[in-house]
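Participant: So that we are looking at the same thing, I have put the structure below in structure tokens.
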Amino acid sequence: MKAATEIPSQVRAFDVAAIRREFPILAQSVHGKALVYLDNGATSQKPQSVIAAIEHYYAKENSNIHRGVHSLSEQATAAYEKARGKVRAFVNARSDKEIIYVRGTTEAINLVAQSYGRGFLKAGDEIIVSAMEHHSNIVPWQMLCEQVGARLRVIPISHDGELVVEEFRRLLNNRTRFVSITHVSNALGTVVPVKEVIAAAHDRGVPVMLDGAQAVPHLKIDVQDLGCDFYAFSGHKMFGPTGVGILYGRAELLEKMPPWQGGGDMISLVTFEKTHYNVLPYKFEAGTPHIAGGIALGVAIDYLNGLDWPQVMAHEHELLEYATETLLEIPGLKIIGTAKEKAGVLSFVFDHIHAHDVGTILDQEGVAVRAGHHCAMPVMQRFGVPATTRASFAFYNTKEEIDVLARAVKRVLKVFG
Amino acid sequence: MSDLDDLYQEVILDHNKSPRNFRVIEHADHKAEGYNPLCGDHVTVYVDLENGVIKDISFQGSGCAISKASASLMTAELKGKTEAQAEILFENVHRMLTGEGDDDASANVGKLAILSGVCKFPARVKCASLAWHTVHSALKGRSEVASTES
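Listed in order, the protein sequences are those of chains A and B. Taking my numbering, the leading residue of the first sequence gets 8, the next gets one more, and so forth. Taking my numbering, the leading residue of the second sequence gets 3, the next gets one more, and so forth.
Structure (structure tokens):
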């Protein structure tokens, strides 16, 4: 029961202006125009608290973790481990030992491919990915396939950019050993029905990894509710720093996986005869990590926890709908990725105007978008386009910014007659 | 003129819309593929040489307006030139596009001076230079795919 004094979230207005004031970079100009930052899928901007946390760490706490007996090292260790706890709570993992610090989503996937994959896959085994994966969820598996002689299978996507779940069921067989798919597509914005995928894979005892890089900034993630075995995401796409990310893994799987990288911190005892590995999560954390990044990621999570999520999601939904309607009014513009369930991404093309030209002209209007293949060349091939222009949104974007985007796109048409 | 007008001049837009020498030369004695991994631009350049002179040159591929116009302008400019002249032009165009060397790099490139606006857009330099890297590769008889990254 809600307390009587609590105001239902729908009643309070979502104060975008107040949120924008927390992100200093948004007040900037580009080419004399107010910055309209619509490249959040590539990386998000950082709130002042995250920026301050990095400065605070280097000004007041900097020292190495897990090794010093001096006060600073103890402080840094405590702050870094406290942030791990925040990440655990944020994705609702059971234990801190299931939260591995990595450099980003890419490294998380490589870790699983090399540790779990090389540990447990052999020639003839099959790995399933989807046709809408980022290169980082394709290439590590291709490398593994070359190493162990496994085979990569690909779930097709529909013309709307939706996963064809029936085809996935057909691909699953007694050689399937691993499934790794995106939660939200970076090029199309599709929200994948991952629970269905996980249920079908688990029926056959096949573990599932989710690439959550694009999901974490838009959706509430609960790894226990999802039921996935691994979940990977990057700090910098969720309003935290670059160079730090998270691999969540179910403890039972992580326990039996061999270490990936060797070095300091991941050992408990080293002799030239034999080395004993450290316990989870440290077994997978060789070398001095991005300590400031981990701490600042915790601060980014604090920031996100302070937001009213039903409102954030409603605002983003409204932005996406408005952007879709507004851009579709522009003659010749075609949207790539029209799944029923989408989050944060609007990719579009023109028949005779290349995305790069669109991107350059938009930049002159202060509008930052991504133009290219979005590290998802197979998606471009699927839709028969060389590249798309992608506007990707965050909760700090506004309808007014979408109007600026639309005006800038119309300028593109003017240039190209 | 704004930087943008400088980049997308009438001539460039025209070459983008109706590229010259946009065709395949069957059995060309020199041929190379060029690829810009950053944006996916893809071009194939065909060259027929006779006694060291470029008798015929053409291209095919997909890319942005800058890469297409640059390739089109290049083929028009190179036809009838010797291999040695082509190499010198390659160097000069490269200097103009990257804004290196003297201010007058554009004085030595003939009609290609129209592309000089590109140097104000560092992200687009590779679009404009792709066809040139490719023809360079074709004339050298290299079989690998030319890349703007090399």
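The C-beta atom is built at its ideal place from N, Cα and C for all residues, glycine as well. Please read these numbers as outputs of a predicted model, since none were measured by experiment.
#1: Any residues in the stretch 368-397 of chain A with a beta carbon nearer than 8 Å to a beta carbon of chain B? Which ones, in chain order?
#2: Can you list, in chain order, the residues of its chain whose CB lies under 6 Å from that of H363(A), leaving out five sequence neighbours each side?
#3: Using 8 Å for Cβ pairs, my map puts I342(A) next to A415(A). What's the rounded Cβ distance?
#4: Using 8 Å as the threshold, is the stretch 145-156 of chain A in touch with the stretch 98-108 of chain A, meaning 3 or more CB pairs across them?
#5: Could you pull out every residue in the same chain whose Cβ sits closer than 6 Å to the Cβ of C382(A), ignoring the five residues on either side in sequence?
#6: Answer yes or no: does any C-beta atom of chain B fall closer than 8 Å to that of D364(A)?
#7: Mind checking if C121(B) is an interface residue toward chain A, Cβ cutoff 8 Å exclusive?
#8: Bridge partners for H44(B) per DSSP, in chain order?
#9: By the three-class DSSP mapping on this structure, what secondary structure does S139(B) have?
#10: Using a beta-carbon distance cut-off of less than 9 Å, what residues from the stretch 67-87 of chain B approach chain A?
#11: Between E262(A) and the rest of its own chain, which residues show a CB-CB distance below 7 Å, the 5 nearest in sequence each way excluded?
#12: Within the same chain, show all residues whose beta-carbon is closer than 8 Å to that of L170(A), passing over the 5 residues directly before and after it, in chain order.
#13: So, for S118(B): in the same chain, excluding its five sequence neighbours on each side, which residues have a beta-carbon less than 7 Å away from its beta-carbon?
#14: Jot down the residue ranges of each uninterrupted alpha helix (DSSP H) in the stretch 254-304 of chain A, minimum 4 residues, whole runs only, in chain order.
#15: The beta strand (DSSP E) with Y238(A) in it runs from where to where?
#16: Could you work out which residues of chain A lie near R126(B), taking near to mean beta carbons separated by less than 8 Å?
#17: Can you name the residues that DSSP bridges to V352(A)?
#18: So what does DSSP say about A220(A), is it helix, strand or coil?
#19: Going along chain A, which residues have a C-beta under 8 Å from G42(B)?
#20: Consider the Cβ of L6(B): report whether some Cβ of chain A lies at a distance smaller than 8 Å.
#21: Give the straight-line distance between the Cα atoms of A90(A) and A67(B), rounded to the nearest whole angstrom.
#22: Three-state secondary structure (DSSP) at A394(A)?
#23: Just the C-alpha distance for S20(B) and D358(A), rounded to the nearest angstrom, thanks.
#24: Between A239(A), A20(A), H38(A) and H380(A), which lies nearest to D5(B) when the distance is taken from Cα to Cα?
#25: Buried or exposed: which applies to Q154(A), given that a residue is buried once 16 or more other Cβ atoms fall within 10 Å of its Cβ?
#26: Starting from V230(A), follow the beta strand (DSSP E) in both directions and report where the run begins and ends.
#27: Taking 8 Å as the cut-off, decide whether the C-beta atoms of R184(A) and L128(A) are in contact.
#28: When DSSP labels each residue in this structure, what does F92(B) get in the three-state scheme?
#29: Express the C-alpha separation of I253(A) and A293(A) in angstroms, rounding to a whole number.
#30: Pick out whichever of A34(A), I32(A) and S51(A) has its Cα sitting closest to the Cα of F400(A).
#31: Does chain B have any CB closer than 8 Å to the CB of V422(A)?
#32: Between which two residues does the beta strand (DSSP E) holding G196(A) run?
#33: Note down the Cα distance separating C129(B) from G373(A), rounded to an integer number of angstroms.
#34: In chain order, what residues of the same chain lie with their CB nearer than 7 Å to the CB of H225(A), ignoring the 5 residues before and after it?
#35: So with Cβ pairs under 8 Å, would you call Y10(B) a contact of chain A?
#36: Return the bridge partner residues of A375(A) from the DSSP annotation.
Facilitator: Let's see:
#1: I368, Q371, A378, G379, H380, M384, M387, P393 and A394
#2: Sequence index remark: in the first sequence, residue 363(A) carries index 356 (1-based). Excluding sequence neighbours, H363(A) sits near A378.
#3: On the first sequence, residue 342(A) is found 335 positions in, with the first residue counted as 1. On the first sequence, residue 415(A) is found 408 positions in, with the first residue counted as 1. Not really, about 17 Å apart at Cβ, beyond 8 Å.
#4: no
#5: Locating residue 382(A) in the first sequence gives position 375, counting from the first residue. Only H141 and H142 meet the Cβ criterion.
#6: For the purposes of this step, residue 364(A) is identified with residue 357 of the first sequence, where counting begins at 1. Closer than 8 Å to some Cβ of chain B, the Cβ of D364(A) qualifies, so yes.
#7: Counting from 1 along the second sequence, the entry for residue 121(B) is found at position 119. No, C121(B) lies away from the interface with chain A (no Cβ there is under 8 Å from its Cβ).
#8: On the second sequence, residue 44(B) is found 42 positions in, with the first residue counted as 1. H44(B) pairs with Y37(B) and S64(B).
#9: As a working note, residue 139(B) is residue 137 in the second sequence. If DSSP states are grouped into helix, strand and coil, S139(B) belongs with the helices.
#10: A67, I68, S69 and K70
#11: Here residue 262(A) corresponds to residue number 255 of the first sequence, with the count starting at 1. Within the same chain, and ignoring the five residues on either side of E262(A) in sequence, the residues whose Cβ sits closer than 7 Å to its Cβ are L287.
#12: Counting from 1 along the first sequence, the entry for residue 170(A) is found at position 163. These residues qualify, in order along the chain: S137, M139, I162, I164, I188, T197, V199, P200 and V204.
#13: What you label residue 118(B) is simply residue 116 of the second sequence in a count that begins at 1. Around S118(B): M98 and S108.
#14: Runs of the alpha helix (DSSP H) inside the stretch 254-304 of chain A: 258-263.
#15: Locating residue 238(A) in the first sequence gives position 231, counting from the first residue. Counting along the chain, the beta strand (DSSP E) containing Y238(A) begins and ends at F237 to S241.
#16: Within the second sequence, numbered from 1, the residue matching residue 126(B) stands at position 124. Going along chain A in sequence order, the residues near R126(B) (Cβ under 8 Å) are H363 and T367.
#17: Residue numbering aside, residue 352(A) sits at position 345 when the first sequence is read from its first letter. Beta-bridge pairing links V352(A) to S399(A).
#18: On the first sequence, position 213 is the one that residue 220(A) refers to. If DSSP states are grouped into helix, strand and coil, A220(A) belongs with coil.
#19: Along the second sequence, one-based indexing puts residue 42(B) at 40. Result: G379, H380, M384, M387, P393 and A394.
#20: What you label residue 6(B) is simply residue 4 of the second sequence in a count that begins at 1. So yes, L6(B) belongs to the interface.
#21: Looking up residue 90(A) in the first sequence gives position 83. Looking up residue 67(B) in the second sequence gives position 65. Rounded to whole angstroms, A90(A) to A67(B) spans 48 Å at the Cα level.
#22: Indexing the first sequence from 1 puts residue 394(A) at position 387. Three-state result, A394(A): coil.
#23: To locate residue 20(B), count along the second sequence from 1; it is residue 18. To locate residue 358(A), count along the first sequence from 1; it is residue 351. Those two C-alpha atoms are separated by around 15 Å.
#24: By 1-based counting over the second sequence, the position of residue 5(B) is 3. With distances taken between Cα atoms, D5(B) lies closest to H38(A).
#25: Walking along the first sequence from the start, residue 154(A) turns up at place 147. Its Cβ having fewer than 16 others within 10 Å, Q154(A) is exposed.
#26: Numbered from its first residue, the first sequence carries residue 230(A) at position 223. That residue, V230(A), is in no beta strand (DSSP E); its alpha helix (DSSP H) goes V230 to L233.
#27: Within the first sequence, numbered from 1, the residue matching residue 184(A) stands at position 177. Within the first sequence, numbered from 1, the residue matching residue 128(A) stands at position 121. A contact, by the Cβ cut-off of 8 Å.
#28: On the second sequence, residue 92(B) is found 90 positions in, with the first residue counted as 1. Helix.
#29: If you number the first sequence from 1, residue 293(A) lands on position 286. If you number the first sequence from 1, residue 253(A) lands on position 246. Each residue's Cα considered, the two are about 14 Å apart.
#30: As a working mapping, residue 400(A) is identified with position 393 in the first sequence. Comparing Cα positions, the closest option is S51(A).
#31: On the first sequence, residue 422(A) is found 415 positions in, with the first residue counted as 1. V422(A) counts as touching chain B.
#32: By one-based count along the first sequence, residue 196(A) stands at place 189. Note, G196(A): premise wrong, no beta strand (DSSP E); not H, not E.
#33: As a working note, residue 129(B) is residue 127 in the second sequence. As a working note, residue 373(A) is residue 366 in the first sequence. Rounded to the nearest angstrom, the two C-alpha atoms are 22 Å apart.
#34: What you label residue 225(A) is simply residue 218 of the first sequence in a count that begins at 1. Closer than 7 Å at Cβ, skipping near neighbours: V191, E323, A350 and G351.
#35: What you label residue 10(B) is simply residue 8 of the second sequence in a count that begins at 1. Yes, because at least one Cβ of chain A sits closer than 8 Å to the Cβ of Y10(B).
#36: Locating residue 375(A) in the first sequence gives position 368, where the first residue counts as 1. For A375(A), which the question treats as bridged, DSSP gives the partners Y44(A).
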